[in-house]
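Each remark here refers to the structure printed beneath this line.
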Amino acid sequence: MRIAALRGRETFEVEQAPIPPIGPDEVLVRVVASGVCASELEQWLTGPPAGEARYLGHEVSGVVADTGAEVTAPAAGDRVGVWVTERGFAEYVAVRADRCFAAGDGPLDEALAEPIACAVNAVEAASPRLGDDVVVIGAGFMGNLVQKLAALRGPRHLIVADARADALERAARLGATRTVDVTKESLPGVVRSLTGGRGADVTFECTGTQSALTACGDTTRMSGTIAIVGFHQGADRRLPLAYWNWMAFTIVNAHFRDLEVIMHGMSAGMRLLAGGRLPMDGLVSHRFPLEEINAAFATLRDKPDGFVKAVVTFPDG
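Following this line, the structure appears as structure tokens:
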């Protein structure tokens with residue numbers, strides 16, 4: 273089979289490798305799509321140590337090709353999103369059967385169970401309630417997922433902020449009650465005007481930037497909740513912690529390492545997807561064959577107009 277190996281700075285090479293064997297409780301999945309995650313971007317930019325290779329890819333969907341002797345479900349031919357931690361940019365992955373989730377009848381390149389699980393768990397951990405005023409900072413792929421899931425909680429205001437006009441137009445189409453172009457308007461000012469000066473009950477930071485973290489403290493009410501969904505890479509961040517202490521914010525680190533929590537998020541998210549409650553149409557904007565994986569990562573880096581999410585796709589066969 274073909275697999276992408278990260279061999280240097282901004283350099284994946286497509287190599288041949290054996291199809292992975294499966295154990296009695298595992299299934300072999302023919303990969304249809306593998307999402308390009310922002311958490312992997314820094315690894316691509318810097319490359320592995322000299323002489324080493326890394327095998328990235330963890331946002332995988334596909335079709336079950338074979339099953340182990342002890343597996344009763346899923347069955348060969350089933351469409352699934354799966355939990356893997358590496359080697360997802362490949363034609364096949366081996367995965368435990370209980371880490372596969374039915375993908376429904378929609379496009380498999382939109383059935384990206386892992387980022388859906390991240391968004392589900394973020395919204396559940398922040399726990400917006402009926403009638404809450406909710407702010408989502410960042411209208412990229414993760415921000416869009418969080419917005420969609422927060423909307424299912426029945427907020428009064430669902431305010432989405434970004435600096436990109438195309439992203440804000442998309443957020444409006446997805447049902448934001450108010451969008452804020454932070455290059456033209458004051459987000460804290462808009463939030464105060466909509467909430468009678470009180471501030472947001474829940475603010476989701478979905479960009480991984482210092483400016484968004486700063487804005488969270490300025491938009492959230494006293495004793496409100498700030499959920500850090502963005503993946504913060506690079507330089508250390510700075511916070512006015514004395515002010516955050518005084519405001520008695522609840523801080524939610526919406527990054528999860530407990531496998532049981534991740535599996536819950538995948539199960540709930542894929543049920544919403546398969547049941548039509550979490551439509552993903554329009555959220556995958558760029559598709560690349562495996563041979564163009566470096567272009568896929570460059571597109572994530574550059575974020576051209578209209579960019580939401582890049583995936584590496586594999587032809588049927």
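Plus 272 on top of the position in the sequence shown (first one is 1) and you've got the numbering used here.
Beta carbons are placed, not taken as given, at the ideal position from N, Cα and C, and that holds for glycine.
Under the three-state reduction of DSSP output, Q505 falls in the coil class, being neither helix nor strand. DSSP places Y327 in the coil class of the three-state scheme, outside both helix and strand. Taking C-beta atoms as the reference points, R493 and R470 count as a pair closer than 9 Å. In this model, P512 and G307 are separated by some 35 Å (Cα to Cα).
The beta strand (DSSP E) runs lying completely inside the stretch 472–503 and spanning 3 residues or more are 472–477 and 492–500, given in chain order. In this chain, the alpha helix (DSSP H) harbouring D574 covers I565 to D574.
Contact between E532 and I500 fails: their C-beta atoms lie close to 21 Å from each other, not under 8 Å. In the three-state reduction of the DSSP assignment, P561 falls in the strand class, which pools E and B.
Here L550 is buried: its Cβ has 16 or more other Cβ atoms, across all protein chains shown, within 10 Å.
Counting of Cβ neighbours within 10 angstroms places W518 among the exposed residues, the total staying below 16. When secondary structure is reduced to three states using DSSP, F528 falls in the coil class, being assigned neither helix nor strand.
Excluding the 5 residues flanking it on each side, T585 has same chain C-beta neighbours closer than 6 Å at A305, D381 and R559, in chain order. Counting only runs that start and end inside the stretch 298–373, the alpha helix (DSSP H) elements of at least 4 residues fall at 313–318.
For F284, no alpha helix (DSSP H) encloses it; the enclosing beta strand (DSSP E) starts and ends at T283 to Q288. The alpha-carbon of F569 is positioned some 7 Å away from that of L313.
The alpha-carbon of G334 is positioned some 6 Å away from that of V352. Where V395 is concerned, the enclosing alpha helix (DSSP H) starts and stops at A385 to A398. Distances from the CA of V524 to each of G547, C488, D553 and L555 were compared; the closest alpha carbon is that of C488.
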